[in-house]
Amino acid sequence: DVFKKFCLYVDANKNVISSEIEYILNAFNPEDKLQKIFRLKLIDKWQRESEIVRIFEDEDIFYFTQALKCKWYFTSVEVNSSELVNEILPNLSYSMRVKVIKQYSKFLKDRNRAEEIYNCLKQRYGTQCALTILPACSPEFVSTILHNALINLKPVIIMPLFRCYPDVIVDLFCFILECKAAEKRVYSCFNLDKYAKVFALIASKYPQRFLDTYVKYSRYFPYMKLGNRATKKIVKTNAATIIKNYRIFTNILKVKCIVRCMSPSQIEELQAACFPETVALFFKQFWNLDQLENLTSHLKEDQRQQILLKNFKKCYGKEFNVDVFNEVIDLTLILSIPTEMRIKWIQNKLPSVDNDSMKGEYMSYLPPEIALPKLKEMIGRQTEINVRAYLVKCMMHSVKRYKNSLNSLLDCITFVVRRLRNDNQLIRDRVLNELHDMKAALLSLPSEQWMPLDELIDLVKINDEIFNFKYYLRDILAMKIQRYFAEGVPMEDHLKNYLFANNYDFGLCQGTPYQKNCMEFFLSIFQTISFTNDEEKQEHQESLFITLCDYNLKHKNDPIKYPVRLLSFVEQLLISKEYPSWNKKSIINVVRKQAYLKSRIYNNVFPYYMEPEIVTYILHNEPNKIGEHKEAVMKEILNFYTLNEYTSFLKKITLYSKFGLPQALKNLCLWVLQTDDEETKGYELPSKPNAVTVLSILMLPGEFIATIKPYKPIKEQLERYSDENQIKYNIQKAIASSLKHVSTPSEILYFIKTFAVGDYLKSIVGSLNSICLKVPEKKILPLLIQWLDCPVSLRKHFIRAYYKVAPVADAGKLIVSLLQKEKNVSLRLVLLKHVYKYFLAEPSEECFAVFKAGYSLLKSEDVAAMDDLFDLRLIPDLFVAPFIKLLWEAVELKEGPLVARNKKEVIDMINADILSLLSEEFCDRLIKQIFLNQSLTEFTRFITLYLVHAPDEMTQSARLEKASFHLRIVIEKRWNEFNLNRHSVFETRDAIFGLMECICSESLQKTQLNASSLLKRLELFVLSQIPAADVLDMLLLLKITIFISKNDIENDTFITELAKFCEELLIENCKTYGDQVITTLVSQLPYCLHKSKLQLAKVLLSSHSSYQSLLMALELIGTDINHDLPTYKDIIEFLLECSHPYVKAAAGRFLRRLNSSVHV
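Structure, rendered in structure tokens:
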């Protein structure tokens, strides 16, 4: 009302106020927060820029927050950008600075000025701060900045940019995905999972672009599921693409939504695309069947079955015939084929099944008219109760699987209540369990045919089993009542029976058109029901009220009127002291959602029952009531253990000074705080600490400091425990945690230091961090520097605060200067982590220089500071080489512990991409260090990369010469060394073979240079240093790798050429080393030939010139046949006709071990 009157007055006197606005604003000195809002509304309406500037210079957080709502102020900047960033923003606190920049990003209209501000912000506060203003810049500028950003972009930056420049963000993410796919190192660590919302927006606004990008780069997308609208947009216009790439689209699109957007012909095509490649896989991969069925689940049964049969013929070129596929068809598949085929297959299968349970399961897939007579007969002769119960379950399954045939269902129930009347409870459990899932059948069952079901329920009652089956019986009875409603049967008796039988469950017929009838009936009879005691009545009346509230909330157009008697009862429950608080909470949760209930109940229960929400509601609507009952309100607040819930109320009450509320509550809090416990009856243990918190919100800073001064700590340590000391300590803790609520934080700064000592430090930390971010930069930074002369535990917090608030350059200089003098290990660790974080936040030459200066001061005790540095993914390419060099110098030149733990870590960081960024001199230095190590095995990977990934052939030759020099020394000294106590007895031999194996494997990957020249020189080196017999396997590996590197593995003639080459190797080496060379050669074939082994064997068999080729072919062929039957057939026929005794003997062993997993 006050706001409304003020606005009307201003509008009525607009002309007068306009002519005298300067005088009015100068004379208007607000005394409370409400007046501040009125003054600000005048400033806003007449757009007085100088007044906004004055408010920003003031430190009143409330005033500042309200001033941010003056959007017109942020549409332009009157001063130049450098002055804004370097002179105006430093007068603001960190939190104010961030808010001001965000406002400029939303409303600033001059794009050129926004770009100037960006550059100034980046120079002073760093890139992360500057990125905030990008939405106000031009799209070209934004695109350039984002594409060249050397830091991870936070989603909080991207989302506003998408709203302004969606095309730029779409292009950016497409670029990032392309870079990730191309394995560009700088984007390898770009975690896209946190951008799921951005991708969802792209899909909604640019469905075609999203689709094309997703098809290309689906493996890099975050885990996400698009909503129905986005899915419809994509599927309706791109059904063919979805069908072609269905498997990848199931990761982001909902299957149900996909198929509902497609026509039957498209669904048929989609299912065909999901079929396995071969008939064998179709029958083997039964897990795929659910996926195929899900695509057609919304269609009619016969339509689903016909689509499956059509697709089977289309994909495999043959009809689905149960006689042909009798052995491989499974029960998993049986419901997906037509009934005639199903019956035929089951009848063929039954004679071979001996187990009654299994036989019953097969019969459950038959139509009820066939299955029920046979199952009844089996039940009649079965003596084992578990089997009998299972067969009853099979009867019910048969009915359920065939459209819930009503006659068959009644036949089953009648059989149970007649023939199995006195049988075990397990029988009734199986029947009721299945009935519970047959809702459609029960709802369509006419009321006059419910007699067998009624008899079944009576049987349960006779056997005293109601408690065991109460939930089943409740649901069945509910379905019966729904059926009665549908037929118009008189319901009073049935509803009463349901209510009494189901412990007064008022949620009957929920979600149906009959729920309102049920609720109205329950409301009309509730008072006539007699309960055993008042507690029971209360419980059910509460349940009735909550159910009624839920109904009215869902049916706002057709609500049920709340009985006055019920509302009065609810009010009495809330007022009652004995009623459990969690029950009251559940009532409030439903009341708050409906305005009528809220108004009536909140007004009637106040002040006897108070919740933060109720008290706030009363404050807004009837503030005088708060004044009338201020003592009751304060008792509730001060006795509340979690006062945080009342913080919002207390801040709002400061706007009601006209009613005297802030002053009245303040006086009460002072009285509680300063009065002995004996005189403050009704106020409990937490009242005094809570009073301090309330005062921190209601008082002016100076007044609050004067109030809490007597409680400041005298000593750093707490005094020995006593009741009096404990109360005092609780008050002191409350003071420490309340300082953050003060309206002008800078006025409380000097007082913080008195609490930041000894045992009190842990209490002040939260307030300390909060206040440092709310005090103007120019005030807080000098203070933090002064305060650094303090205990280590406190100094850490001051350093963190300084690092967050200060300009980038100042923060770096401070950390390095502190490191030079600091001796405490834990604080040095904090400083070193900050200097690393400092560089990552702003990767530039200047920041790297600061990082380098910091880490050049490492000491032996700073081992833990190295742990975070062994991940190069966050380091831009420009700084990789100096970064690794810095790390290496740290672990190479410093004391023992740094070397012991981290030398290998540095070398393990280097991969092919990183190696290309390092200088030749540094790489040579690493190689030299590696060969001085006793074990080469640990460094095999780096030596391989060093040789294979040279930038050019000349460098590669020079590198090989250096590595050969070191290898020659190792071979001369250690080739024949052995140790029987080591895992690898001949460690050097094992290491050198492992090195050659690694070089060969890496050479077959995509490399800049052709590796054949390097491998040939390595082969010559090995032969010059080691007898060929010692390294036959190594030489064979090198020869095969050289052959593969010279030829195109994708060429059609490659396998033929390879077979010829292998045969020449065998003929050449078997003369000297015997037929054992065959096994050695096969074992040295590279992994890239794994899929070609069968084809290679076939070529060796068909075009051999020696028996060794035939033996090698047998070594290559696997004994488990799971594919390519024609090739195996040719091989077997050839081996059966072969006459060479060596080959005949080997073939005999091979044929005996052959087995097949292909059934079709």
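Counting from 1, position 347 in the sequence shown corresponds to residue 347 in full-length UniProt numbering; the numbering is continuous, with no gaps.
All residues carry an ideal CB built from backbone N, CA and C; glycine is no exception.
Spatial neighbours of residue i in its chain, beta-carbon cut-off 7 Å, leaving aside the 5 residues before and after
| i | result |
| --- | --- |
| residue 1010 | 1045 |
| residue 211 | 234, 238 and 241 |
| residue 141 | 115 |
| residue 515 | 509 and 551 |
| residue 305 | 336, 337 and 338 |
| residue 40 | 66 and 67 |
Host alpha helix (DSSP H) of residue i (start-end)
| i | result |
| --- | --- |
| residue 414 | 406-419 |
| residue 529 | That residue, residue 529, is in no alpha helix (DSSP H); it is neither H nor E in DSSP. |
| residue 10 | 2-12 |
| residue 579 | Where residue 579 is concerned, there is no enclosing alpha helix (DSSP H), given that its DSSP letter is neither H nor E. |
| residue 382 | No alpha helix (DSSP H) holds residue 382; DSSP gives it neither H nor E. |
| residue 270 | 264-274 |
| residue 954 | 953-974 |
| residue 690 | 687-698 |
Short Cβ contact (9 Å threshold) for residue i with residue j
| i | j | result |
| --- | --- | --- |
| residue 59 | residue 776 | yes |
| residue 609 | residue 574 | yes |
| residue 123 | residue 71 | no |
| residue 113 | residue 143 | no |
| residue 274 | residue 316 | no |
| residue 456 | residue 525 | no |
| residue 672 | residue 638 | yes |
| residue 869 | residue 857 | no |
| residue 1143 | residue 1154 | no |
| residue 690 | residue 640 | yes |
| residue 42 | residue 24 | yes |
| residue 941 | residue 950 | no |
| residue 562 | residue 596 | yes |
Close Cβ partners of residue i (< 8 Å) along its chain, the five nearest in sequence each way excluded
| i | result |
| --- | --- |
| residue 864 | 829 |
| residue 1127 | 1094, 1095 and 1098 |
| residue 763 | 732, 733, 736, 737 and 755 |
| residue 155 | 194, 195, 197 and 198 |
| residue 971 | 988, 992, 1025 and 1026 |
| residue 430 | 389, 390, 392, 393 and 396 |
| residue 266 | 239 and 243 |
| residue 752 | 739, 764, 767, 768 and 771 |
| residue 1042 | 1012, 1015, 1016 and 1019 |
Residues of its chain near residue i, where Cβ-Cβ distance is below 6 Å and the 5 sequence neighbours each way are ignored
| i | result |
| --- | --- |
| residue 101 | 132 and 133 |
| residue 726 | none |
| residue 243 | 269, 270 and 273 |
| residue 688 | 673 and 731 |
| residue 903 | 891 |
| residue 89 | 97 |
| residue 94 | 773 and 805 |
Identity of the residue in the options nearest residue i by Cα
| i | options | result |
| --- | --- | --- |
| residue 862 | 884, 878 and 825 | 825 |
| residue 312 | 330, 336 and 331 | 336 |
| residue 995 | 438, 1018 and 459 | 1018 |
| residue 1107 | 1066, 111 and 1120 | 1066 |
| residue 454 | 750, 1101, 843 and 481 | 481 |
| residue 780 | 253, 750, 695 and 917 | 750 |
| residue 1001 | 1050, 1033, 984 and 944 | 944 |
Item to complete: Answer yes if the region 619-635 comes into contact with the region 647-662, meaning at least three C-beta pairs across the two stretches below 8 Å, and no otherwise.
Response: yes
Worksheet item: With contact counted as at least three CB pairs below 8 Å, one residue from each stretch, are the region 1053-1063 and the region 1012-1021 in contact?
Response: no
Discussion item. Any contact between the region 519-533 and the region 491-501? By contact I mean 3 or more CB pairs, one from each, below 8 Å.
Written reply: yes
Item to complete: Kindly confirm or deny that the region 335-346 and the region 373-383 touch, where touching means at least three C-beta pairs closer than 8 Å.
Response: no
Worksheet item: How do the region 295-304 and the region 319-331 stand: do at least 3 beta-carbon pairs fall below 8 Å, yes or no?
Response: no
Item to complete: Say whether the region 501-510 touches the region 455-475, bearing in mind that this needs 3 or more beta-carbon pairs closer than 8 Å, one atom from each stretch.
Response: yes
Item to complete: Flag this pair as touching only if the region 838-857 and the region 153-169 have three or more C-beta atom pairs under 8 Å; answer yes or no.
Response: no
Worksheet entry | Meets three-Cβ-pair contact criterion under 8 Å: the region 978-987 and the region 916-925 | no
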